[in-house]
Amino acid sequence: MVFERIYTIRTDSARLLIPPEFRARAESIFSAYGGTREDLLRDLENQSVVEVFNRVTGEMALFNDIRRFRPGGGTGTGSDAKERSIVAKLYKEGSGAELCDFCNEKRTARDVFGRIDGKHSYTAANVAKLSKWHSLIITKVHDPLSLDEDTIADIIDVSHRWFKRAHREDPLYIYPNIICDAGKRASASQVHFHLQMALTRDHYFSGTEQLRRAAAQYSAHHGTSYWEDVIRLHEMIGLSVTVGESVVFSNMCPRKEREICVLSRNPEDTSFARAVALALLTLRDAAGVQSFSFAISYPPLNAANNYSLGELPAIFRVIDRGSALDTRSDTGALEYFGSPYIAADPYAIIPHLIAANNRFALHK
């Protein structure tokens, strides 16, 4: 009952004919296919298309296993050792105070109230603002793939301090938004790892605001929390991992490959930062992800300059942006105006999340 309230899943058989004149070309296009020529021909002529639709948010994901074998099909994640070596060198080039603005905080702007300085990161005002309160968190290490649990915890802590400081300066601005692109493939303006923060006045950035409104309508109509129902459904189908008071899940209706989400009632609970670290480090270490994009939103700030816990949880969403060496765009009309095609099985990352979570627990 709850599942049908939120999701619909439909599988269609899509048939076509490969004429003899086109078979050699088809084999070339799908050269990454691991089976025999006969198997490939059969799978091309008899395809299975799966549509997952979120009835609450309107999000939809399309799956077709055969598409991942075509060029640019979404399988390139940097698992090849040679490619990893090239990317590691690429991400270290241009580092140092003489070459990189972000390696030298004196070559960045300050907020009017100064900087927030952490052990592993610091803040800088964005010189091309998207909001009245729009700044950066910049790590003190250049390489975006050198993240560890301590650095991620520090980033989260610095973000809380910055949002509350900006809110104290301007109490009408209450909605915390964070976005991040890692690597040029993910559209990062600089290789040096950094995040963008914006404290907005009347609503969140549109992605979170649409989720917030849809969840509120769901809760008003059904008398239950949309977020709790989503967590329960992902637990039921084996797509989630619990980290203290936070939940990490592989989204069954992802925006892009390997989307991992974290939900936590309280963003200042230490489990939230641990859960974010679990998601990011598992994608890097187990899935070979080299370029990624993520967004974080916290509950709105209240008059006491604390997060208003209850209606909206802290939300983290991260997606794989593909091989750092791929020169093709990973987005197009399908992603901007249609529904995204997903090349990765949401279940594939779960064993790695479980294993990493167990390792995290041993170190505590």
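Residue numbers for the sequence shown follow the working numbering, beginning at 82 and rising by one.
For each residue, glycine too, the CB sits at the ideal point set by N, CA and C.
Assuming residue i and residue j make a contact with CB atoms under 8 Å, what is their CB distance in whole Å?
i	j	result
residue 186	residue 205	7 Å
residue 237	residue 107	Contact doesn't hold; Cβ gap of about 48 Å is too wide.
residue 337	residue 430	With a Cβ gap of about 13 Å, residue 337 and residue 430 do not count as contacting.
residue 402	residue 264	7 Å
residue 288	residue 395	Incorrect: roughly 15 Å between the Cβ atoms, too far for contact.
residue 184	residue 195	Rounded, the Cβ-Cβ distance is 20 Å, inconsistent with contact.
residue 277	residue 259	7 Å
residue 251	residue 214	7 Å
residue 125	residue 90	That belief does not hold up - the Cβ atoms of residue 125 and residue 90 are roughly 23 Å apart, past 8 Å.
residue 339	residue 425	5 Å
Go ahead and pull the three-state DSSP assignment for residue i.
i	result
residue 291	helix
residue 86	helix
residue 156	Confidence in residue 156 is poor, its pLDDT being 48 and thus under 50, which makes the residue's placement too unreliable to answer from.
residue 101	helix
residue 324	strand
residue 407	coil
residue 336	coil
residue 439	helix
residue 280	strand
residue 370	coil
residue 109	helix
residue 193	coil
residue 247	helix
residue 286	coil
residue 331	strand
residue 198	strand
residue 239	helix
residue 432	helix
residue 318	coil
residue 310	helix
residue 188	helix
residue 299	helix
In angstroms, rounded to a whole number, what distance separates the CA positions of residue i and residue j?
i	j	result
residue 88	residue 312	13 Å
residue 116	residue 122	10 Å
residue 261	residue 421	20 Å
residue 139	residue 273	35 Å
residue 433	residue 367	6 Å
residue 269	residue 239	21 Å
residue 156	residue 357	Caution applies to residue 156, whose pLDDT of 48 falls short of 50 and renders its modelled position unreliable; the model cannot decide the point.
residue 391	residue 111	49 Å
residue 371	residue 245	32 Å
residue 148	residue 333	18 Å
residue 234	residue 222	15 Å
residue 143	residue 385	44 Å
residue 298	residue 172	44 Å
residue 82	residue 335	22 Å
residue 191	residue 136	43 Å
residue 127	residue 94	7 Å
residue 404	residue 349	33 Å
residue 284	residue 415	27 Å
residue 146	residue 413	20 Å
residue 352	residue 102	58 Å
residue 175	residue 303	54 Å
residue 193	residue 209	15 Å
In this structure, what does DSSP give as the bridge partners for residue i?
i	result
residue 144	131, 423
residue 219	203, 275
residue 388	382
residue 256	281
residue 214	280
residue 413	Answer by DSSP bridge pairing: none, since residue 413 is not bridged.
residue 92	131
residue 398	342, 376
residue 263	373
Can you check whether the CB of residue j is closer than 9 Å to the CB of residue i?
i	j	result
residue 362	residue 229	yes
residue 331	residue 320	yes
residue 280	residue 255	yes
residue 397	residue 343	yes
residue 306	residue 296	yes
residue 379	residue 241	yes
residue 131	residue 92	yes
residue 369	residue 96	no
residue 365	residue 211	no
residue 314	residue 438	no
residue 167	residue 406	yes
residue 435	residue 324	no
residue 393	residue 293	yes
residue 46	residue 86	One cannot answer for residue 46 here, as it falls past the ends of the chain, which runs 82 to 445.
Answer with yes or no whether the minimum CB distance from residue i to chain C is below 9 Å.
i	result
residue 225	Included in the structure is just one protein chain, with no chain C present.
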